[in-house]
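Participant:
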Amino acid sequence: MSDYPDWVFEGSIVAELIHGNAPASYSFKHYPVPYSGTVAMLGVLDLALPPEISGKIVLTLCVVLFALSSTYLLTSLSNDPENPLLLVPLLFLLNTFFFWGELAYLFALSVFFFYCGYLFRRIYRSEPINWWIVTSASIAMFFFHVLPYATAILVTLTLIVAESRTELLSPFIISFAPSIGLTFWYAIKRLSLSGIGPVWTFWTPHLFAGRWIAAFSPFPEFLPWLGIQAPSMKMFALLNLVGTIALTLVVPLCVLAWVKLRPRYFGVLASAVVCGIATIATGYEFEGMISPGERFLYPAVWIGLCWLVGAQIPARVSRFSRILTIGIMALLCCQMVFMQVNVVSVAKDLAALYSKLRSAGSQADFCATYETYLHQSWDKPHRKGLDVLLTNHDTAGRVPYYLYLERKVEAPIYQMGILDYSGPGDNYDLCKSK
135 MSDYPDWVFE
145 GSIVAELIHG
155 NAPASYSFKH
165 YPVPYSGTVA
175 MLGVLDLALP
185 PEISGKIVLT
195 LCVVLFALSS
205 TYLLTSLSND
215 PENPLLLVPL
225 LFLLNTFFFW
235 GELAYLFALS
245 VFFFYCGYLF
255 RRIYRSEPIN
265 WWIVTSASIA
275 MFFFHVLPYA
285 TAILVTLTLI
295 VAESRTELLS
305 PFIISFAPSI
315 GLTFWYAIKR
325 LSLSGIGPVW
335 TFWTPHLFAG
345 RWIAAFSPFP
355 EFLPWLGIQA
365 PSMKMFALLN
375 LVGTIALTLV
385 VPLCVLAWVK
395 LRPRYFGVLA
405 SAVVCGIATI
415 ATGYEFEGMI
425 SPGERFLYPA
435 VWIGLCWLVG
445 AQIPARVSRF
455 SRILTIGIMA
465 LLCCQMVFMQ
475 VNVVSVAKDL
485 AALYSKLRSA
495 GSQADFCATY
505 ETYLHQSWDK
515 PHRKGLDVLL
525 TNHDTAGRVP
535 YYLYLERKVE
545 APIYQMGILD
555 YSGPGDNYDL
565 CKSK
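Numbering (our numbering), first residue to last: 135 to 568.
(1) From this set, 241, 347, 425, which residue's C-alpha is nearest residue 377's C-alpha?
(2) If contacts are defined as beta-carbon pairs under 8 Å, then residue 353 and residue 374 qualify, I think. What distance do you get, rounded to the angstrom?
(3) Could you tell me whether the region 209–223 touches the region 433–443, where touching means 3 or more Cβ pairs closer than 8 Å?
(4) By how many angstroms is the C-alpha of residue 296 removed from the C-alpha of residue 303?
(5) Give the secondary structure of residue 423 by DSSP, where H, G and I count as helix, E and B as strand, and everything else as coil.
(6) Taking the Cβ atom as the reference point for each residue, do residue 524 and residue 349 lie within a distance shorter than 8 Å?
(7) Check the DSSP bridge columns for residue 334 and list the partner residues they point to.
(8) At which residue ranges does the region 490–553 contain complete beta strand (DSSP E) runs of 3 or more residues, listed in the order of the chain?
(9) Just confirm the distance between the C-beta atoms of residue 281 and residue 429, as a whole number of angstroms; I'd bet it's less than 8 Å.
(10) Which of helix, strand or coil does DSSP assign to residue 161?
(11) Helix, strand or coil: which one does DSSP assign to residue 399?
(12) To which residues of the same chain is residue 484 closer than 8 Å at the C-beta, ignoring the five residues directly before and after it?
(13) Check residue 258 in the structure and name its three-state DSSP category.
(14) Go to residue 152, then tell me how far its alpha helix (DSSP H) extends in each direction, as first and last residue.
(15) Note down, in chain order, each residue of its chain lying with its Cβ closer than 6 Å to the Cβ of residue 568, except the 5 sequence neighbours on either side.
(16) Kindly indicate which three-state DSSP category residue 555 falls into: helix, strand or coil?
(17) On the three-state DSSP scale, how would you describe residue 135?
(18) Buried or exposed: which applies to residue 238, given that a residue is buried once 16 or more other Cβ atoms fall within 10 Å of its Cβ?
(19) Pick out whichever of 544, 463, 551 has its Cα sitting closest to the Cα of residue 157.
(20) What whole-angstrom Cβ distance do residue 444 and residue 211 have, given they're in contact under 8 Å?
(21) Between residue 179 and residue 185, what straight-line distance do the alpha-carbon atoms span, to the nearest angstrom?
(22) Let me know the alpha helix (DSSP H) ranges lying completely inside the region 232–292, each 4 residues or longer, listed in chain order.
(23) Excluding sequence positions up to five away, which residues of its chain have a Cβ less than 6 Å from the Cβ of residue 135?
(24) Any chance you could list the alpha helix (DSSP H) runs of at least 4 consecutive residues sitting entirely within the region 428–457, in chain order?
(25) From 337, 251, 242, pick the residue whose C-alpha is nearest to that of residue 412; which is it?
(26) Around the C-beta of residue 427, are 16 or more other C-beta atoms found within 10 angstroms, so that it is buried, or is it exposed?
(27) Does residue 568 come out as helix, strand or coil in the three-state DSSP assignment?
(28) Using alpha carbons as the reference points, say which of 397, 423, 248 lies closest to residue 168.
(29) Confirm, please, whether the CB-CB distance from residue 434 to residue 409 is below 8 Å.
(30) Cβ atoms of residue 506 and residue 405: under 8 Å apart, would you say?
(31) Indicate whether residue 555 and residue 170 have their beta-carbon atoms separated by less than 8 Å.
(32) Would you mind sorting residue 467 into buried or exposed? The rule is 16 or more other CB atoms within 10 Å of its CB.
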């Protein structure tokens, strides 16, 4: 997992800061910061547990919450346990974001799914909304990741307008006021520190296709740790393409079904469409955040799946429903075998790398080993054919953080979250910094 070792290391620093034992180079930021929830959670667990145990608890919680929140959202309009679409989230419990180590985004996404499921239930069943729950969810999303938080605002406004529920606008604004205040505080502080305005970069077709396939690949690859020339890898690449196309068609299918049948829940459909538009509009990079548009893909598709389940599509007793159920179950079985074989293989290679780094007799030996693996870990440009459908995971870059944790030494860290680091070095170039 690309960023996971860094998060485990930062969690240990949080625990040391609480105990007053951390090196002087580390300190807590004095303003609210998104992306801080995961590290704070790890730090609290580290007060009683070893960091690696804390990390495994957090990973388990991440997967369980994603499963529960997805099911809660998809059943918010119709509790039909036989709809095969309820199986779709199971294919993405260990998704590309998970293996990239983007735990903050996944935790915020789980809160977002719970929030949307709650909102849909209350609006379409004409039940009162507990605005304290809305406030708590908005603050939780802010402290985990800013984009699911922004998506929650977008979806809520779309739902209110589409369903002509303008009486909900005032309590919604009041409920989100604390988190909006935190957002302004963070934005003003960040701009004052950087001294430059936001930088925005739009998609290129190559970048968009790569991120689009990566997000919806049920068989995430681990280049270059696995050979990609084997016939089996070509098959998995094709399955990734088929799965990606199928999920991309969810929102257009919703629109087509609504035009033909005009079922209920227009606000939910509008929310899915707006999230799909935001995927394109928000582009590839904004203020140092890579691929913000990609973070709207899951909300768009999951809300679309929710609408299809609510509209009872596919029909409960139909040939298509049975075929879809069998197909998804077959993919799940293949995925379990795929993960058991490939994750174990990659883990052995990374363990060997860690042993080499640990036994390095000098800085030169360390750098020679580390930089060789780091160079191999990045995606190779100009891949052709089915190889372009395989997603790269930069798994080597953060492995040294286990070594820093073991030896209890300071190291440069990501400074997007709750911690400040004033020491030497750059977390993007660990060899030269240590």
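C-beta atoms are modelled at their ideal positions from N, C-alpha and C, and glycine is treated no differently. None of the values given here were measured: they were computed from a predicted structure.
Facilitator: In brief:
(1) Per the C-alpha coordinates, the member of 241, 347, 425 positioned closest to residue 377 is 347.
(2) Confirmed, Cβ separation roughly 6 Å.
(3) Counting Cβ pairs under 8 Å, three or more are found: they touch.
(4) Rounded to the nearest angstrom, the two C-alpha atoms are 12 Å apart.
(5) Here DSSP, grouped into helix, strand and coil, assigns residue 423 to strand.
(6) No, Cβ-Cβ distance for residue 524 and residue 349 is not below 8 Å.
(7) Residue 334 is bridged to 420.
(8) None, since the region 490–553 contains no complete beta strand (DSSP E) of that length.
(9) That belief holds up - the Cβ atoms of residue 281 and residue 429 are roughly 4 Å apart, short of 8 Å.
(10) Here residue 161 sits in strand by DSSP.
(11) Coil at residue 399, not helix or strand.
(12) Same-chain partners within the cutoff: 359, 529, 530, 533.
(13) Secondary structure at residue 258: helix, using DSSP grouped into helix, strand and coil.
(14) It spans 138–153 - the alpha helix (DSSP H) in which residue 152 sits, taken as one unbroken run.
(15) Below a pLDDT of 50, predicted positions are generally treated as unreliable, and residue 568, at 47, falls in that range; no measurement from the model is reported.
(16) Collapsing the DSSP output to three states places residue 555 in a strand.
(17) Here residue 135 sits in coil by DSSP.
(18) Residue environment: residue 238 is assigned as buried (16 or more neighbouring CB atoms within 10 Å of its CB, all protein chains considered).
(19) Checking every option, the nearest Cα to that of residue 157 belongs to 544.
(20) 3 Å between Cβ atoms; contact.
(21) Distance from the CA of residue 179 to the CA of residue 185, rounded to the nearest whole angstrom, comes to 8 Å.
(22) Fully enclosed alpha helix (DSSP H) runs of 4 or longer: 237–258, 265–278.
(23) Cβ neighbours of residue 135 within its own chain (closer than 6 Å, five residues either side excluded): 233, 235.
(24) For the region 428–457, whole alpha helix (DSSP H) runs of length 4 or above, ordered along the chain, are 431–444.
(25) The candidate whose alpha carbon is nearest that of residue 412 is 337.
(26) So residue 427 counts as buried.
(27) With a pLDDT of only 47 at residue 568, under 50, the local geometry of the prediction cannot be trusted, and no value is derived from it.
(28) The residue with the shortest Cα to Cα distance from residue 168 is 423.
(29) Taking 8 Å as the Cβ cut-off, residue 409 and residue 434 qualify as a contacting pair.
(30) Judged by beta-carbon spacing, residue 506 lies beyond the 8 Å limit of residue 405, meaning their Cβ atoms are not closer than that value.
(31) The answer is no: Cβ separation not under 8 Å.
(32) Sixteen is the threshold: since fewer than 16 other Cβ atoms of the shown chains lie within 10 Å of the Cβ of residue 467, the residue is exposed.
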